[in-house]
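Asks: This is the structure I have questions about; it appears just below.
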Amino acid sequence: MKIGDLFYETWHALSANKGRSFLTILGIVIGIAAVIAMTSLIAGVQNMLMGEMGLSQARQVSISAYSPQGITFDDLDKLEQGMPEYEVITGASYASAEITMADGQKNHATVIGARPDYFTANGTKLKEGRFFTESEEQNAARLVVMGGGEMTVQMLGVPDTEAVGKTVRLGNDDYTVIGVLETSSFMGGGGTFYAPYTTVETRIGNASGIQQIVGFAREGTDMDRLVETTQTFVAQYFNLEPENVYVSSLDAVIKQMETMMTSFSLLMGSVASISLFVGGIGIMNMMLTNVTERIREIGLRKSLGARRRDITKQFLLEAIMLCVAGGAFGILFGFLAAFGLGQVIGAVQAGMTVTPVLAPGVVFGAVAVCVLIGVVFGYYPARRAAKLDPVESLRYQ
Numbered sequence: 487m488k489i490g491d492l493f494y495e496t497w498h499a500l501s502a503n504k505g506r507s508f509l510t511i512l513g514i515v516i517g518i519a520a521v522i523a524m525t526s527l528i529a530g531v532q533n534m535l536m537g538e539m540g541l542s543q544a545r546q547v548s549i550s551a552y553s554p555q556g557i558t559f560d561d562l563d564k565l566e567q568g569m570p571e572y573e574v575i576t577g578a579s580y581a582s583a584e585i586t587m588a589d590g591q592k593n594h595a596t597v598i599g600a601r602p603d604y605f606t607a608n609g610t611k612l613k614e615g616r617f618f619t620e621s622e623e624q625n626a627a628r629l630v631v632m633g634g635g636e637m638t639v640q641m642l643g644v645p646d647t648e649a650v651g652k653t654v655r656l657g658n659d660d661y662t663v664i665g666v667l668e669t670s671s672f673m674g675g676g677g678t679f680y681a682p683y684t685t686v687e688t689r690i691g692n693a694s695g696i697q698q699i700v701g702f703a704r705e706g707t708d709m710d711r712l713v714e715t716t717q718t719f720v721a722q723y724f725n726l727e728p729e730n731v732y733v734s735s736l737d738a739v740i741k742q743m744e745t746m747m748t749s750f751s752l753l754m755g756s757v758a759s760i761s762l763f764v765g766g767i768g769i770m771n772m773m774l775t776n777v778t779e780r781i782r783e784i785g786l787r788k789s790l791g792a793r794r795r796d797i798t799k800q801f802l803l804e805a806i807m808l809c810v811a812g813g814a815f816g817i818l819f820g821f822l823a824a825f826g827l828g829q830v831i832g833a834v835q836a837g838m839t840v841t842p843v844l845a846p847g848v849v850f851g852a853v854a855v856c857v858l859i860g861v862v863f864g865y866y867p868a869r870r871a872a873k874l875d876p877v878e879s880l881r882y883q
């Protein structure tokens, strides 16, 4: 039988029972959809994390320590000198200021005082404008970088693209906006302002010294080892017990998230495997039913010269086409589900944009699995059909 005729006969046989065929492939659809949704969403989250942080931001270290005398930038400079593994150790202070919104109403905003290297250590990305300079920080300039998004409109009455150069009133002073952070940035929350450290200390005045310490390690540093040495060194410097100093690296956070994603993948993979197995059983059951319903047809074809392998090929191809059709629907529904979940994550976690990524290798793997299921679960019904005796088949009622 020619390959074209074989495909025609197969399609004709399947399309004769559209409803039954669709119900049969539901297990395949659900299983493939689960795999596609899982892999697409995880890849999207990983891309988002790497895109926001950058691979270099895995070198970021957060340090939390309390000193009765307070922590100054002189202390941070000495910590940096004592630990050459760091490119920079910097910090920030937090203050609250009354802000006059665009509609004239009063509200409260968080103002973070920092040096310019704070943005480098955190991998902050700008959407518009620039960061303040060292000279501006030294001169306590009345400049701010603000988080972007909807809050920009509420505070300034203009979108992010028009915010640079505008004036915002914080407390009793007017400040010029020189930069707007990307709304997807982890530091880019709306309603937050970043000002030179000296400006916050001298003009806003309700900050309580450095409350956040951030380090940025040199390339190639063993981050696990650095966390341990940092904890010991900081504790010795401030005369604290090591357990009173908390040190964490972004590298560890990324590894923890990867572990969680792997566990989630295994869980979803197990669910998908069960669904695919059930779907395969459904394919086999339908094919056996088809064989029974078409016994006379099989006998007639064999009596007219059809060989066993011709019958085997046709029924095997029917099973494969059913599985591939289920896989195609599963890929489509799975990606749509991943896209929907990405939108939900973005709505729940403001500023976080997750775009699912459908890798060609995953699509190819899904199709290959569908073909394999068709072969495995379609082989027995196909062989059973091929072994039917043509004489007995023609007598079948």
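Per the numbering used here, residue 487 is the first one in the sequence shown, and the count goes up by one each step. Note that CB positions come from ideal geometry on N, CA and C, so glycine has one too.
1. Helix, strand or coil for aspartate 660 per DSSP?
2. Below 8 Å, can you find three or more Cβ-Cβ pairs linking the stretch 594-610 to the stretch 682-691?
3. From alanine 792 to lysine 873, what does the alpha carbon distance come to, in whole angstroms?
4. When the Cα of leucine 818 is compared with those of Val521, Lys504, Arg506 and Ser621, which residue comes out closest?
5. Jot down the residue ranges of each uninterrupted beta strand (DSSP E) in the stretch 725-799, minimum 3 residues, whole runs only, in chain order.
6. Give a yes or no on contact between the stretch 693-705 and the stretch 567-587, applying the rule of three or more CB pairs nearer than 8 Å.
7. Which same chain residues end up closer than 8 Å to arginine 869 when comparing Cβ atoms and leaving out the 5 residues on each side of it in sequence?
8. Taking the alpha carbon of glutamine 640 as the reference point, which residue from Thr716, Ile784 and Met587 has its own alpha carbon closest?
9. Taking Cβ positions, are glutamate 585 and arginine 655 nearer each other than 8 Å?
10. Got a sec? Which residues, its chain only, sit under 8 Å from lysine 592 by beta carbon, not counting five neighbours each side?
11. Could you tell me whether the Cβ atoms of alanine 852 and glycine 813 are closer together than 8 Å?
12. Looking only at its own chain, which residues have a Cβ that is under 7 Å from the Cβ of proline 728, when we skip the five neighbours before and after it?
13. Buried or exposed for glycine 665, going by 16 or more other Cβ atoms inside 10 Å?
14. Excluding five sequence neighbours on each side, which residues of the same chain lie with their C-beta closer than 7 Å to the C-beta of aspartate 875?
15. Locate the beta strand (DSSP E) running through isoleucine 699, then write down its first and last residues.
16. Measuring only the C-alpha atoms, how far is alanine 626 from proline 682?
17. Taking 8 Å as the threshold, find out whether the stretch 756-774 comes into contact with the stretch 858-867 through three or more Cβ pairs.
18. What residue from Val531, Ala544, Ile518 and Lys564 has the CA that sits closest to phenylalanine 724's CA?
19. Since I believe glycine 634 is in contact with lysine 613 (beta carbons under 8 Å), could you give me their beta-carbon distance rounded to a whole number of angstroms?
20. Would you tell me roughly how many angstroms separate the C-alpha atoms of phenylalanine 801 and glycine 513, rounded to the nearest one?
21. How big is the Cα-Cα spacing for aspartate 660 and arginine 545?
22. In chain order, what are the residue ranges of uninterrupted beta strand (DSSP E) at least 3 long that sit wholly in the stretch 513-578?
23. Cα separation between threonine 638 and tyrosine 552?
24. Going by the DSSP bridge assignment, what does glutamate 614 pair with across the sheet?
25. Measuring straight from C-alpha to C-alpha, what distance separates glutamate 705 and glutamate 636?
26. Tell me the rounded alpha-carbon separation between threonine 775 and isoleucine 784.
27. Between which residues of its own chain and proline 842 is the CB-CB distance below 6 Å, once the five residues before and five after are set aside?
28. For a test of the three-state rule: what should DSSP assign to asparagine 625, helix, strand or coil?
29. Would you mind stating whether valine 713 and serine 734 have Cβ atoms separated by less than 8 Å?
30. So for isoleucine 690, helix, strand or coil by DSSP?
31. Using only alpha-carbon positions, find the residue among Phe605, Met524, Ala519 and Leu726 that is nearest to leucine 753.
Replies: On the basis of the supplied data:
1. Correct three-state label for aspartate 660: strand.
2. Flag = yes, the stretch 594-610 and the stretch 682-691 touch.
3. In a straight line, the C-alpha of alanine 792 is about 12 Å away from that of lysine 873.
4. Comparing Cα positions, the closest option is Val521.
5. With a minimum length of 3 residues, the continuous beta strand (DSSP E) runs that stay inside the stretch 725-799 are 732-735.
6. With contact defined as three or more Cβ pairs closer than 8 Å, the stretch 693-705 and the stretch 567-587 are in contact.
7. Taken in chain order, the residues that qualify are Thr798.
8. Minimum Cα-Cα distance from glutamine 640 among the listed residues Thr716, Ile784 and Met587 corresponds to Met587.
9. Note that residue 585 corresponds to isoleucine in the displayed sequence, not to glutamate. Contact: yes.
10. Cβ within range, chain order: Glu584, Ile585 and Thr586.
11. Against a cut-off of 8 Å, the Cβ pair of glycine 813 and alanine 852 comes out as a contact.
12. Excluding its 5 nearest sequence neighbours in each direction, proline 728 has C-beta neighbours in its own chain below 7 Å: Gln717, Thr718 and Ala721, listed in chain order.
13. With 16 or more Cβ atoms within 10 Å of its Cβ, glycine 665 is classed as buried.
14. Once the five neighbours on either side are set aside, aspartate 875 has no close Cβ partner at all.
15. Looking at the DSSP string, the run of the beta strand (DSSP E) that includes isoleucine 699 is 698-703.
16. Roughly 6 Å separates the two Cα atoms.
17. The stretch 756-774 vs the stretch 858-867: in contact.
18. Measuring from the Cα of phenylalanine 724, the nearest candidate turns out to be Lys564.
19. Contact flag correct, Cβ pair sits at about 5 Å.
20. Per the coordinates, the alpha-carbon of phenylalanine 801 lies some 20 Å from the alpha-carbon of glycine 513.
21. Taking the Cα positions, aspartate 660 is about 36 Å away from arginine 545.
22. The qualifying runs are 546-550.
23. Near 34 Å, if we compare the C-alpha coordinates of tyrosine 552 and threonine 638.
24. Paired residue(s): Val666.
25. Roughly 37 Å separates the two Cα atoms.
26. One C-alpha to the other measures close to 13 Å.
27. If the five residues before and after proline 842 are omitted, its C-beta is found closer than 6 Å to the C-beta atoms of Ser526, Leu527, Gly530, Ala824, Phe825 and Gly828, all from its own chain and listed in chain order.
28. Looking at asparagine 625 - three-state DSSP - the assignment turns out to be coil, as it is neither helix nor strand.
29. Yes, the pair counts as a contact, with Cβ atoms nearer than the cut-off.
30. Helix, per DSSP.
31. Ranking Phe605, Met524, Ala519 and Leu726 by Cα distance to leucine 753 puts Met524 first.
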